[in-house]
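Residue numbers (mature numbering (1 follows the signal peptide of the UniProt record, and there is no 0)): -23 to -1, 1 to 186. Note that beta-carbon positions come from the ideal geometry of N, C-alpha and C, so glycine has one too.
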């Protein structure tokens, strides 16, 4: 093999190596920190929206991996105890926080909710992840004043932390009885593809920011 052939081969290998590195760097790993709404409460293992969306990404050959750490009953303070381990284990490029519903049901002070959300966001950002927070809303059981202060917390926290505010996927689901389980709190299997499609669009918007 002459000098020019060797030089061409070297350039080709260098180009391929650069392309491979770029490809791996552009893959997206989303750590989802959530509660029963994302944990598939009351559903079979392969029915929840997270599972359905990952299947869609795989079918489309999208380099997006969803890491679902959602736990039924999880509150923001529960998640704070676990987030360091999750970040270290998974090293996500993005973190999506779907939490607060259980805090609201328990009547947690709004100031505590905001403090916990801020801590979850700043820990994720310190680990190098881009963060989105879903704007959870709760029924007006504890009064309209608390419900409004609760809902307003998400915009306040995301503005202060320069994170992304994502709309709540339950707004249109919760008002349709045919899409809810008998407890009238959790979406049923019929609702999961609707949530999948909603989240596919919203995650795309977030990733394009």
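- prompt: Which residues does DSSP pair with residue 11 in a beta bridge?
  reply: Its beta-bridge partners are 75.
query: If you scan the region 24 to 91 from start to end, which runs of the beta strand (DSSP E) of 3 or more residues do you find wholly inside it?
result: List check, beta strand (DSSP E) in window: 41 to 45 and 71 to 75.
query: How about residue 150 and residue 180: do their beta carbons lie closer than 8 Å?
result: No. Outside cutoff.
message: Which residue wins for smallest C-alpha separation from residue 34, given the options 4, 59, 137 and 140?
response: Among 4, 59, 137 and 140, the Cα nearest to that of residue 34 belongs to 4.
query: Buried or exposed: where does residue 88 fall if 16 or more other Cβ atoms within 10 Å of its Cβ makes it buried?
result: Residue burial is scored here from C-beta neighbours: residue 88 has fewer than 16 other C-beta atoms within 10 angstroms and is therefore classed as exposed.
- prompt: Helix, strand or coil for residue 176 per DSSP?
  reply: Here residue 176 sits in helix by DSSP.
message: As an exercise, report each continuous beta strand (DSSP E) stretch of at least 3 residues that is fully enclosed by the region 97 to 163, in chain order.
response: Fully contained in the region 97 to 163 are the following beta strand (DSSP E) runs of length 3 or more, in chain order: 107 to 111 and 141 to 143.
query: Roughly how many angstroms separate the alpha carbons of residue -3 and residue 20, rounded to a whole number?
result: Only weak support exists for where residue -3 lies, its pLDDT of 33 falling under 50; the coordinates are left without a value.
query: Once you ignore the five residues that flank residue 1 on each side, which residues in its own chain have a CB closer than 8 Å to its CB?
result: Low local confidence applies: a pLDDT of 37 at residue 1 is under 50, so the model's placement there is unreliable, with the coordinate-based value given in what follows. Hits under 8 Å: none found.
Own chain residues within Cβ distance below 6 Å of residue 135, not counting five before or after: Correct list, in chain order: 110 and 142.
- prompt: Nearest-angstrom Cα distance between residue 121 and residue 92?
  reply: Cα-Cα distance, rounded: 22 Å.
- prompt: How about residue 25 and residue 186: do their beta carbons lie closer than 8 Å?
  reply: No, they are not a contact pair.
message: Between which residues of its own chain and residue 165 is the CB-CB distance below 7 Å, once the five residues before and five after are set aside?
response: Beyond the five residues adjoining it in sequence on each side, residue 165 comes within less than 7 Å, by CB distance, of 156, 157 and 158 in the same chain, given in chain order.
task: Leaving aside the five residues before and after residue 182 along the sequence, list all residues of the same chain whose C-beta is less than 7 Å from its C-beta, in chain order.
output: None.
message: Check this for me: beta carbons of residue 115 and residue 152, under 8 Å apart or not?
response: Taking C-beta atoms as the reference points, residue 115 and residue 152 fail to come closer than 8 Å.
- prompt: DSSP on residue 6, reduced to helix/strand/coil?
  reply: Residue 6 falls in the strand class under three-state DSSP.
- prompt: Given a threshold of 16 other Cβ atoms within 10 Å of its Cβ, counted over all protein chains shown, does residue 69 qualify as buried or as exposed?
  reply: So residue 69 counts as buried.
message: According to DSSP, is residue 1 part of a helix, a strand, or is it coil?
response: Low confidence applies to residue 1: its pLDDT is 37, below 50, so where it sits in the model is not reliable, and the reading given next is rough at best. In the structure shown, residue 1 sits in a helix (DSSP, three-state: H, G or I).
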